[in-house]
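Read left to right, the sequence shown gives residues 1 to 158 (full-length UniProt numbering). A virtual CB, placed ideally from N, CA and C, is assigned to each residue, including glycine. Note that the coordinates shown come from a computational prediction; the quantities given were computed from them, not determined experimentally.
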Amino acid sequence: EPSLFASTIADNIMYGAEVHNKEQLIAAAKEAHAHEFIMELPKQYDTFVGEKGVELSGGQKQRIAIARALYKQTNILLFDEATSSLDGRSEDMIRRALLSAAENRTVFIIAHRLNTIKHANRIILLEEGVIAETGTFDELNQEGTKFYNLAHNQAPLL
1 EPSLFASTIA
11 DNIMYGAEVH
21 NKEQLIAAAK
31 EAHAHEFIME
41 LPKQYDTFVG
51 EKGVELSGGQ
61 KQRIAIARAL
71 YKQTNILLFD
81 EATSSLDGRS
91 EDMIRRALLS
101 AAENRTVFII
111 AHRLNTIKHA
121 NRIILLEEGV
131 IAETGTFDEL
141 NQEGTKFYNL
151 AHNQAPLL
């Protein structure tokens, strides 16, 4: 679960940045697919999220955290189980945000759900801490691979 602070949405997105720029804030929120739900809130970007973001859903918290990373314009992003414990709609929004975030950046995604990594340029399958297989989704999803066996156990999620 992402770390949010007892402050406003704007403060949470711009946290740690040296320069605070409203246009950049909105652009990051749009790229993270958060702007739409933010604009539906009574105080929009000035909405207080509560301690650890208790006023927001899990998917909304994830999108705010993604917007924070995008706001800082980092070249490398790391997402650890970004779609775990989310409903289908929220998972889809996060997946779209991850695809958007991946443009012109190096992104590491740690995931158990195959839909989260389906469009990755390269997948590394770890088994007991050791690289077992590596390749694209299509390369690894061939009969006889360990990845294939895992993928077909999750077939309804593909």
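What residue from 44, 78 and 16 has the CA that sits closest to residue 72's CA?
16
Taking Cβ positions, are residue 56 and residue 69 nearer each other than 8 Å?
no
Just to confirm my understanding: we take residue 105, look at its own chain, exclude 5 residues before and 5 after, and list those with CB closer than 8 Å. What are they?
74, 75, 76 and 77
Who does residue 47 pair with in a DSSP beta bridge?
Partner(s): none; residue 47 has no beta bridge.
Is it right to say residue 91 is buried, meaning 16 or more other beta carbons lie within 10 angstroms of its own, or is it exposed?
buried
Could you check where the alpha helix (DSSP H) with residue 116 kicks off and where it finishes?
114–117
Between residue 21 and residue 11, what straight-line distance do the alpha-carbon atoms span, to the nearest angstrom?
11 Å
Start-end ranges of the beta strand (DSSP E) lying completely within the region 98–157, minimum 3 residues
106–110, 123–127 and 130–135
For residue 41, name the three-state secondary structure that DSSP assigns.
coil
I'd like to know whether the C-beta atoms of residue 29 and residue 13 end up nearer to each other than 8 Å.
yes
N- and C-terminal bounds of the beta strand (DSSP E) containing residue 77:
76–80
Length of the line joining the Cα atoms of residue 93 and residue 99
10 Å
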